[in-house]
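FYI, the numbering used here numbers position 415 of the sequence shown as 440, with every residue one higher than the one before it. Glycine is no exception: its CB is placed at the ideal position from the N, C-alpha and C atoms. It should be emphasised that the depicted structure is a prediction, and the values quoted were computed from it without experimental measurement.
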Amino acid sequence: MTKIAIIGAGPCGLSMLRSFEQAEKKGEKIPEIVCFDKQDDWGGLWNYSWRTGSDQYGDPIPNSMYRYLWSNGPKECLEFADYSFDEHFGHPIPSFPPREVLYDYILGRVKKGNLKNKIKFNTTVTNVTYNNDSFNLTYRDKKNNTILNETFDYVVVSTGHFSVPFIPEYPGMKSFPGRIMHSHDFRDAEEFRGKNVIVLGSSYSAEDVALQCHKYGAKSVTIGYRHNPMGFKWPKGMKEVYHLDRLEGNKAIFKDGHEQEADAVILCTGYLHHFPFLTEDLKLQTHNRLYPPKLYKGVIWENNHKLMYLGMQDQFHTFNMFDCQAWFARDVIMGKITIPSETDIKDDINKWVSIEEKLENPDQMIDFQTEYTKELHSLSDYPKIDFELIRKHFKEWEHHKVEDIMTYRNKSFSSPVTGSTGPVHHTPWEKAMDDSLKTFLNK
Ligand SMILES: Cc1cc2nc3c(=O)[nH]c(=O)nc-3n(C[C@H](O)[C@H](O)[C@H](O)COP(=O)(O)OP(=O)(O)OC[C@H]3O[C@@H](n4cnc5c(N)ncnc54)[C@H](O)[C@@H]3O)c2cc1C
Ligand SMILES: NC(=O)c1ccc[n+]([C@@H]2O[C@H](COP(=O)([O-])OP(=O)(O)OC[C@H]3O[C@@H](n4cnc5c(N)ncnc54)[C@H](OP(=O)(O)O)[C@@H]3O)[C@@H](O)[C@H]2O)c1
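In structure tokens form, the structure reads like this:
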């Protein structure tokens, strides 16, 4: 019997488990599956942890999510085709839920099945090698502190790529009297109430961490971008300036001459694709981009078709794209999809990479990832979902953000699965301080 290892039980690993479960329900014979996760429960980044640094076993904490994190895109754009929000909550809910609500939704689908018993929790995969047509996996059972080995025919890497922070250094950091941290370790904006905060970066973490600090009472928030500013109409108390030059005492000095007193510097400088458990010949090496090379259809490792990666792209689309990838990977493993010749694989990868390299603005990037996801969707029996509506929603959402970065989360969108429209949330995001599921769902 074919045996597969899934490394990681976050949204991608759970999509993989779900895809096999659905095939089994249709009467197909599925492989033996073992899923590994180094955390003590499933859900990946959505399984919030107060911890930073390392866990009680000395293992680095993968979690990068923080209290008061709300979805930064409409939930309708990430909806599962086979498990709608309406089905989970019993009625339409607003379009921008906080973390706990999305966590509940992600788990709702897998809790219906018998999937948890396929996962070894508190288990870190430490080494994967490929010899004689099979993979040898070494893993550490953290609770019992034992090292074990097992052989598999296929390996699916679904370990995420927003867990290992990229931490640059700027002159003056060593003598800065305040707090310096990466967004990976950011947990609670309340810590910065009344403080002057510097945020470095110009992507989603910079945007959201800066907004959180402002919302929860920071005295000032200064965002330092390196290449392009986000350019939103920031509220009073927030500004965006060009690139940090150095810190001098407690002063941040920017390359445009701007100076700002600072109590804290939060590095929202992104993450590394980091796979210390894979040998070099199996290791994806990329920065955060929409089409990492060497992955056929964004999933199959070019040099070894029994190795698959899920969710390694930069992400507009998330959960339903992960599903399309998982359903595709499943059908390759089950022999329902044939992998083409080496030349065709190379041509296909090059085609996507060369389009990606010419993308200039968010609308084009949304189109690109929508086309990619639609193509994958057409290759398996993943249920029907309206990707054209999702494309339209993403573009509208981008424009809402440009109109007003403080109010875009108060809008509502329609479901690409059920067609229902989410109600407007009872409290505007700027005033909603309590992010609990109970308060959010309270009509
Ligand atoms: C701060 C932040 C906010 C985000 N907000 C949103 C949002 O609002 N909406 C959205 O759609 N997306 C959001 N994302 C994107 C996020 O990447 C996806 O939603 C999703 O979590 C990706 O799923 P994943 O399974 O690929 O990775 P993860 O969620 O990172 O899960 C990977 C799992 O692999 C496990 N693992 C890692 N290494 C090993 C190992 N060696 N052995 C065993 N297990 C291992 C980890 O413990 C983890 O459980 C956000 C990301 C970040 C960082
Ligand atoms: N739900 C939410 O609200 C929420 C909140 C936070 C994050 N997220 C998600 O988290 C994921 C990761 O986002 P991310 O912003 O952490 O990573 P990211 O999108 O990869 O962006 C990394 C940023 O770091 C900047 N950077 C890198 N090195 C730098 C340096 N030396 N100095 C200054 N800036 C530097 C980059 O700037 P350049 O462009 O100049 O290279 C870029 O702006 C995304 O999927 C996002 O959607 C969601």
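>> Quick check: is any heavy atom of ligand 1 less than 8 angstroms from the C-beta of L292?
In response: Along the sequence shown, one-based indexing puts residue 292 at 267. Because no heavy atom of ligand 1 lies under 8 angstroms away, the Cβ of L292 does not count as near it: no.
> Using CA coordinates, which residue listed in L292, L269 and I291 is at the minimum distance from E284?
Replying inline: The count along the sequence shown starts at 1 and reaches residue 284 at position 259. Comparing Cα positions, the closest option is L269.
>> Just to confirm my understanding: we take F177, look at its own chain, exclude 5 residues before and 5 after, and list those with CB closer than 7 angstroms. What are they?
In response: Position 152 of the sequence shown, counting from 1, holds the residue named residue 177. Excluding sequence neighbours, F177 sits near K28, I29, A30, S159, F160 and L162.
> Distance, Cα to Cα, D373 vs E125?
Replying inline: On the sequence shown, position 348 is the one that residue 373 refers to. On the sequence shown, position 100 is the one that residue 125 refers to. Each residue's Cα considered, the two are about 39 angstroms apart.
>> Once DSSP output is grouped into helix, strand and coil, what is the label at V59?
In response: Sequence index remark: in the sequence shown, residue 59 carries index 34 (1-based). V59: strand per DSSP, three-state reduction.
> Among D411, I430, P441 and M359, which residue has its Cα nearest to the Cα of F110?
Replying inline: Indexing the sequence shown from 1 puts residue 110 at position 85. Answer by Cα proximity: P441.
> Are I291 and H207 close, meaning C-beta to C-beta below 9 angstroms?
Replying inline: Here residue 291 refers to the residue found at position 266 when the sequence shown is read from its first residue. Here residue 207 refers to the residue found at position 182 when the sequence shown is read from its first residue. Result yes, Cβ atoms of I291 and H207 sit closer than 9 angstroms.
>> At the level of alpha carbons, what is the spacing between Y241 and T151?
In response: Position 216 of the sequence shown, counted from the start, is the residue given in the question as residue 241. Position 126 of the sequence shown, counted from the start, is the residue given in the question as residue 151. The straight-line gap from Cα to Cα measures roughly 40 angstroms.
> Which residues share a DSSP beta bridge with A214?
Replying inline: Within the sequence shown, residue 214 is the residue found at index 189, counting from 1. DSSP output for A214 lists no bridge partner at all.
> Tell me which same chain residues have a C-beta within less than 6 angstroms of the C-beta of C349, skipping the five on either side of it?
Replying inline: The residue you call residue 349 lines up with position 324 of the sequence shown. Excluding residues within five positions, the ones whose Cβ falls inside 6 angstroms are T398, L401, H402 and Y407.
> Among H342, A457 and L335, which one has its Cα closest to the Cα of G35?
Replying inline: As a first step, residue 35 is located in the sequence shown; it is residue number 10 there, counting from the start. The candidate whose alpha carbon is nearest that of G35 is L335.
>> Among M41, K50 and G256, whose alpha-carbon lies nearest the alpha-carbon of V180?
In response: Taking the sequence shown and counting its residues from 1, the one referred to as residue 180 is at position 155. Of the candidates M41, K50 and G256, the one whose C-alpha sits nearest the C-alpha of V180 is M41.
> Taking 8 angstroms as the line, does the beta carbon of K371 fall inside it for any heavy atom of ligand 1?
Replying inline: As a first step, residue 371 must be located in the sequence shown, where it is residue number 346. Not so, every heavy atom of ligand 1 lies at least 8 angstroms from the Cβ.
> Sorted by chain position, which residues of the same chain lie with C-beta nearer than 7 angstroms to Q237's C-beta, five sequence neighbours on each side aside?
Replying inline: Here residue 237 refers to the residue found at position 212 of the sequence shown. Excluding positions up to five away in sequence, the list reads Y93 and A214.
> Just curious, the beta strand (DSSP E) that M206 is in, first and last residue?
Replying inline: Locating residue 206 in the sequence shown gives position 181, where the first residue counts as 1. Where M206 is concerned, the enclosing beta strand (DSSP E) stretches over R204 to H207.
> From S245 to V222, what distance separates their C-alpha atoms?
Replying inline: Translated into positions along the sequence shown, residue 245 becomes position 220. Translated into positions along the sequence shown, residue 222 becomes position 197. So the two alpha carbons sit approximately 6 angstroms from each other.
> What residues in its chain sit with their C-beta under 7 angstroms from that of E46, if we drop five residues either side in the sequence?
Replying inline: Here the question's residue 46 lines up with position 21 in the sequence shown. G138 and L140.
> Beta-carbon separation of E381 and Y316 under 9 angstroms?
Replying inline: Counting from 1 along the sequence shown, the entry for residue 381 is found at position 356. Counting from 1 along the sequence shown, the entry for residue 316 is found at position 291. In this structure, Y316 lies closer than 9 angstroms to E381 by Cβ.
>> Taking the alpha-carbon of I325 as reference, which of E367, D166 and D459 has the nearest alpha-carbon?
In response: Translated into the one-based positions of the sequence shown, residue 325 becomes position 300. Among E367, D166 and D459, the Cα nearest to that of I325 belongs to E367.
> Counting pairs of beta carbons, one from the region 354–369 and one from the region 183–192, are three or more of them closer than 8 angstroms?
Replying inline: no
>> Assuming contact is defined by CB atoms lying nearer than 9 angstroms, are V449 and N435 in contact in what I supplied?
In response: Walking along the sequence shown from the start, residue 449 turns up at place 424. Walking along the sequence shown from the start, residue 435 turns up at place 410. The answer is yes: Cβ separation under 9 angstroms.
> Should P193 be counted as a contact of ligand 2 given a C-beta to heavy atom distance under 8 angstroms?
Replying inline: Residue numbering aside, residue 193 sits at position 168 when the sequence shown is read from its first letter. At least one heavy atom of ligand 2 is nearer than 8 angstroms to the Cβ of P193, so yes.
>> In this structure, how does DSSP classify E286 when only helix, strand and coil are distinguished?
In response: Residue 286 sits at position 261 when you count from the first residue of the sequence shown. Three-state result, E286: strand.
> So, are the CB atoms of F438 and G447 less than 9 angstroms apart?
Replying inline: By 1-based counting over the sequence shown, the position of residue 438 is 413. By 1-based counting over the sequence shown, the position of residue 447 is 422. Going by C-beta atoms, F438 is nearer than 9 angstroms to G447.
> For S26, is the classification buried or exposed, using 16 other Cβ atoms within 10 angstroms of its Cβ as the cut-off for buried?
Replying inline: If you number the sequence shown from 1, residue 26 lands on position 1. What sits at residue 26 in the sequence shown is Met, not Ser. Exposed: under 16 other Cβ atoms inside 10 Å.
> Any idea if M458 is buried or exposed, counting beta-carbon neighbours within 10 angstroms, 16 or more meaning buried?
Replying inline: In the sequence shown, counting from the first residue as 1, residue 458 sits at position 433. Burial call: exposed.
> What residues in its chain sit with their C-beta under 6 angstroms from that of W352, if we drop five residues either side in the sequence?
Replying inline: Position 327 of the sequence shown, counted from the start, is the residue given in the question as residue 352. The residues are S44, S405 and Y407.
>> Within 10 Å of its beta-carbon, does R76 have 16 or more other beta-carbons around it, so buried, or fewer, so exposed?
In response: Reading the sequence shown from its first residue, position 51 is the one you call residue 76. Exposed, by the Cβ-count rule.
> When the distance is taken between beta carbons, is K280 closer than 9 angstroms to Y267?
Replying inline: Position 242 of the sequence shown holds residue 267. Position 255 of the sequence shown holds residue 280. Yes, the pair counts as a contact, with Cβ atoms nearer than the cut-off.
>> Assuming V59 and K145 are in contact, meaning their beta carbons sit under 8 angstroms apart, how far apart are those beta carbons, in whole angstroms?
In response: Counted from its first residue, the sequence shown places residue 59 at position 34. Counted from its first residue, the sequence shown places residue 145 at position 120. Confirmed, about 7 angstroms.
> Exposed or buried, what is R212 when buried is set at 16 or more other beta-carbons lying within 10 Å of its beta-carbon?
Replying inline: Stepping through the sequence shown from its first residue, residue 212 is reached at position 187. So R212 counts as buried.
>> What I want to know is whether the C-beta of M90 ends up closer than 8 angstroms to one or more non-hydrogen atoms of ligand 1.
In response: Locating residue 90 in the sequence shown gives position 65, where the first residue counts as 1. The answer is yes for M90.
> If N345 and I410 are in contact, beta carbons under 8 angstroms, what's the gap, nearest whole angstrom?
Replying inline: In the sequence shown, the residue the question calls residue 345 occupies position 320. In the sequence shown, the residue the question calls residue 410 occupies position 385. Yes, N345 and I410 are in contact; Cβ-Cβ is about 6 angstroms, under 8 angstroms.
>> DSSP three-state label for I29, please.
In response: Residue mapping note: residue 29 aligns to position 4 of the sequence shown, counting from 1. Reduced to three states, the DSSP call for I29 is strand.
> How many angstroms separate the CA atom of S120 from the CA atom of F114?
Replying inline: Along the sequence shown, read from residue 1 onward, the residue named residue 120 stands at position 95. Along the sequence shown, read from residue 1 onward, the residue named residue 114 stands at position 89. For S120 and F114, the distance between alpha carbons rounds to 13 angstroms.
>> Which residue marks the beginning of the beta strand (DSSP E) containing T163, and which one marks its end?
In response: Within the sequence shown, the letter at position 138 stands for residue 163. Residues S159 to D166.
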